[in-house]
Amino acid sequence: MKRTVKTLLCLLLTFALLISVVLPVFAAGAAFEDGAYMSVLTASDFQDLGSKAYERFGRMLNKMKDDGLETPDSMLVGGDYTKILFDYAAPGVTQIRQQLTAVYPDADPDAVVCIQGNHDNPTASLTKTGFYDMGGYCLYVINEDDFPWQQGLRPLAEKRIKALADKMTAAFDGMIENGDLRPVIVLTHLPLHHTTRNSYADNKYASYLFNAINAAAETLDVIFLFGHQHSGDFDDYIGGSVNFIAPGETLRVPLTDKAGENAYTEETLNFTYLNCGYVGYSDNTESETSTNKLTLGVIRFTDDSFRFVKYTEDGFYAEWTVARKNPGTGKDTARTSYPALTDAAVWQAELDFFTRLFAFFRKLIALFSFAA
912 MKRTVKTLLC
922 LLLTFALLIS
932 VVLPVFAAGA
942 AFEDGAYMSV
952 LTASDFQDLG
962 SKAYERFGRM
972 LNKMKDDGLE
982 TPDSMLVGGD
992 YTKILFDYAA
1002 PGVTQIRQQL
1012 TAVYPDADPD
1022 AVVCIQGNHD
1032 NPTASLTKTG
1042 FYDMGGYCLY
1052 VINEDDFPWQ
1062 QGLRPLAEKR
1072 IKALADKMTA
1082 AFDGMIENGD
1092 LRPVIVLTHL
1102 PLHHTTRNSY
1112 ADNKYASYLF
1122 NAINAAAETL
1132 DVIFLFGHQH
1142 SGDFDDYIGG
1152 SVNFIAPGET
1162 LRVPLTDKAG
1172 ENAYTEETLN
1182 FTYLNCGYVG
1192 YSDNTESETS
1202 TNKLTLGVIR
1212 FTDDSFRFVK
1222 YTEDGFYAEW
1232 TVARKNPGTG
1242 KDTARTSYPA
1252 LTDAAVWQAE
1262 LDFFTRLFAF
1272 FRKLIALFSF
1282 AA
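This is the structure in structure tokens:
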């Protein structure tokens, strides 16, 4: 009897050991065994000293590739590429493209869409606000200049954001009237949810955009991606640096006529809402309901669902699945070329000039450091 019990215990321990070794490998690999026909990478806020954030992006991307992610079809970046260097985005945009093609040599660098954040001066490397046809999906880009931070301190912000919401409604209505039910991704730097940033007035007029998007999402499959927050205390109530709110759940949307702790209304979402994935830094603390993980995201398009997968430098971290209202739409839409997402010639000229300027300042710093 004792020998039988010992034998059973040994078998159970062996089985448990095998599960502990095999299961994580299976779980990670399974993240990309879903029959998806399209993958879109998402990331934002590459704010770190030197190239640390870009190197981190490369490591995350390699983890995804090791687990079976095929070459991504496109990449969406939600702004903020540096803390220094005159808030100039082009070197950061270039590094993102270089890291992507280093890991995936056949990736299309022109399919990397980088938008303006509040730390970015407008340059030719950044895609302008507007509606873009990406083949299998449609993209609505919203730049910092058109949906700025610190809205409560900007006299013209409300008028500008109202006008933007009207343009978005016209674009969405046009799709629906023409029977174009392809998925839509809205990419912007600022979030829509109520936040404590800038004394509760950072995105005070977000409701205008929310209403336009939510109305369209009664018919269209819409995904909203944002950056900016770095979580901090701002996003603890929705998960911190990794958050996801599905259609049918509620979102706290800021009120336009006042600011403060309770200056919001709870609205039911018709669309999917999440951040791109912060790559540079997160400044909140870990808790039972909030995380400060730095992540890279990927959206997987299958015939009947969207899968949202997040990776850290250690590998697979989290995933969510949302059923599609309009299954399969866009799957067979051929892409011959991407629209003019950047002004390539001007961008290269800017990059050449500022590269020389940065090198000059580095030499000055080195000279003064040596003299000291």
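Count the sequence shown with this note's numbering and you get residues 912 to 1283, in order. Ideal Cβ placement from N, Cα and C applies to all residues, glycine included. Here the structure is a predicted model, which means the values were calculated and not measured.
Next item on the list: Helix, strand or coil for Thr1034, going by three-state DSSP, please let me know.
Entry: Note: Thr1034 maps to coil in three-state DSSP.
Next item on the list: Check Glu1224 in the structure and name its three-state DSSP category.
Entry: Correct three-state label for Glu1224: coil.
Notebook entry, point to check: When the Cα of Leu1252 is compared with those of Val1004, Lys963 and Glu981, which residue comes out closest?
Noted result: Val1004
Next item on the list: Could you tell me whether the Cβ atoms of Val1209 and Val951 are closer together than 8 Å?
Entry: yes
Item checked: Beta bridge counterpart(s) of Arg1211 as assigned by DSSP -> The beta-bridge partner set that DSSP reports for Arg1211 consists of Ser950 and Arg1218.
Notebook entry, point to check: Looking at the structure shown, is Gly1151 part of a helix, part of a strand, or coil, going by DSSP?
Noted result: strand
Next item on the list: Please name the residue or residues paired with Ile1134 in a DSSP beta bridge.
Entry: Ile1096 and Thr1183
Notebook entry, point to check: How about the stretch 1163-1177 and the stretch 1229-1245: do they share at least three Cβ pairs that are nearer than 8 Å?
Noted result: no
Check: What span of residues does the alpha helix (DSSP H) with Asp1053 cover, start to end?
Finding: The sequence as given places Ile at residue 1053; Asp does not occur at that position. Looking at the DSSP string, Ile1053 is not in any alpha helix (DSSP H); the run it does join, the beta strand (DSSP E), is Cys1049 to Ile1053.
Next item on the list: Taking all protein chains shown into account, decide if Gly1090 is buried (16 or more other Cβ within 10 angstroms of its Cβ) or exposed.
Entry: exposed
Checklist line | Nearest-angstrom beta carbon gap, Pro983 and Ala942 [assumed within contact, 8 Å] | finding: Not quite, the Cβ-Cβ distance comes to about 14 Å (not below 8 Å), so this is no contact.
Checklist line | Helix, strand or coil at Tyr1189 [DSSP, three-state] | finding: strand
Item checked: Backbone CA spacing between Ile1156 and Thr1240 [nearest angstrom] -> The alpha-carbon separation between Ile1156 and Thr1240 amounts to approximately 23 Å.
Next item on the list: Pull up the distance between the alpha-carbon of Pro935 and that of Leu1166, whole angstroms please.
Entry: In this prediction, Pro935 has a pLDDT of 37, which is less than 50 and means its spatial position is unreliable; what the coordinates show is noted afterwards. Roughly 44 Å between the two C-alpha positions.
Checklist line | Alpha carbon of Thr1296 to alpha carbon of Arg970, nearest angstrom | finding: Here the chain covers residues 912 to 1283 and nothing more, so residue 1296 does not appear.
Item checked: Distance, Tyr992 Cα to Thr1099 Cα -> Cα to Cα, Thr1099 sits roughly 14 Å from Tyr992.
Check: Based on Cα-Cα distance, which residue from Asn1114, Asn1195 and Glu1160 lies nearest to Asn1029?
Finding: Asn1114
Next item on the list: In the DSSP assignment, find the alpha helix (DSSP H) that holds Ser985 and state where it starts and stops.
Entry: Segment Ser985 to Val988 is the beta strand (DSSP E) holding Ser985; no alpha helix (DSSP H) there.
Next item on the list: Alpha carbon to alpha carbon, how far is Phe1135 from Leu1101? Give it in angstroms, no decimals.
Entry: 11 Å
Note to self: For a quick check, are the C-beta atoms of Gly1191 and Phe957 less than 8 Å apart?
What the structure shows: yes
Margin query: Please tell me whether Ala1127 and Phe1083 are closer than 8 Å, where the distance is taken between their beta carbons.
Written below: yes
Checklist line | CA-to-CA distance, Leu1011 to Leu1092, given in whole angstroms | finding: If you take the alpha carbons of Leu1092 and Leu1011, they lie about 30 Å apart.
Checklist line | Through-space distance from Tyr1015 to Leu1120, alpha-carbon basis | finding: 35 Å
Check: Where do the N-terminal and C-terminal ends of the alpha helix (DSSP H) with Leu1064 fall, by residue?
Finding: No alpha helix (DSSP H) holds Leu1064; DSSP gives it neither H nor E.
Next item on the list: Answer with buried or exposed for Ala1013, where buried requires no fewer than 16 other C-beta atoms within 10 angstroms of its C-beta.
Entry: exposed
Check: Per DSSP, Ala1234 forms a beta bridge with which residues?
Finding: Ser1216
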